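**Q** So that we are looking at the same thing, I have put the structure below in structure tokens.
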Amino acid sequence: MDGVDERRAIIRDAAVRLLARREHSRFELARKLGSRGHPDDLIEEIVGDLADDGLQSDDRFAQAFVRSALGRGQGPLRIRAGLTERGIDSDIASTYFGLDADEWSERAANALRKRFGPSPVENRADWARRARFLGGRGFPSDLAAKVLGPLDGIP
């Protein structure tokens, strides 16, 4: 085995160990391998081979990422940003956003109940605090306003 083949085997082994722990996007996997000092040309070749062999899949990664983020109560803006940050194409990301507006509203309401309990909004400052909470979770401001209700009648 020559030096290049040995180097390929080392990189492939490192990549497979990373994938054994959890799904990784191509971008993440290449970045992690690069941070370990492996040459970029070999990384791209090996990550491509792993994808061709079905060991790495951006689709599987996106599906697992979205499922995990939904379980943590994150909203669509934060989930999409997380996928983009990890190198997932917007077409792939869109595939896993099958929730309609009512389902997103229910998820936002659940996140509010989990954080603030069943108590209603007490005043404008409380409304704003809850809206900031939802914004931080990645829910758009119009959805937060819909879930929290109008400010009319709130002291």
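Residue numbers (this note's numbering): 7 to 161.
Backbone N, C-alpha and C fix where the C-beta goes; we use that ideal spot for every residue, glycine too.
Source: prediction; values computed, not measured.
#1: In angstroms, rounded to a whole number, what distance separates the CA positions of Gly60 and Ile52?
#2: For the alpha helix (DSSP H) holding Glu29, just list the boundary residues, first then last.
#3: Rank Gly79, Ala75 and Glu12 by C-alpha distance to the C-alpha of Lys120 and give the top, closest one.
#4: Pull up the distance between the alpha-carbon of Glu112 and that of Arg86, whole angstroms please.
#5: How should Ala137 be labelled, buried or exposed, when 16 other C-beta atoms within 10 angstroms of its C-beta is the threshold for buried?
#6: Can you tell me which of the three DSSP states Gly9 falls into?
#7: Express the C-alpha separation of Asp64 and Arg37 in angstroms, rounding to a whole number.
#8: Measuring only the C-alpha atoms, how far is Phe33 from Trp133?
#9: Could you have a look at Gln62 and say whether DSSP puts it in helix, strand or coil?
#10: Verify whether the separation of the beta carbon atoms of Ala114 and Leu140 is less than 9 angstroms.
#11: Can you list, in chain order, the residues of its chain whose CB lies under 7 angstroms from that of Asp46, leaving out five sequence neighbours each side?
#12: Smallest Cα separation from Asp55: which of Arg18, Pro124 and His30?
**A** Let me spell this out:
#1: 12 angstroms
#2: No alpha helix (DSSP H) contains Glu29, which DSSP labels as neither H nor E.
#3: Gly79
#4: 19 angstroms
#5: buried
#6: helix
#7: 14 angstroms
#8: 39 angstroms
#9: coil
#10: yes
#11: Gly40
#12: Arg18
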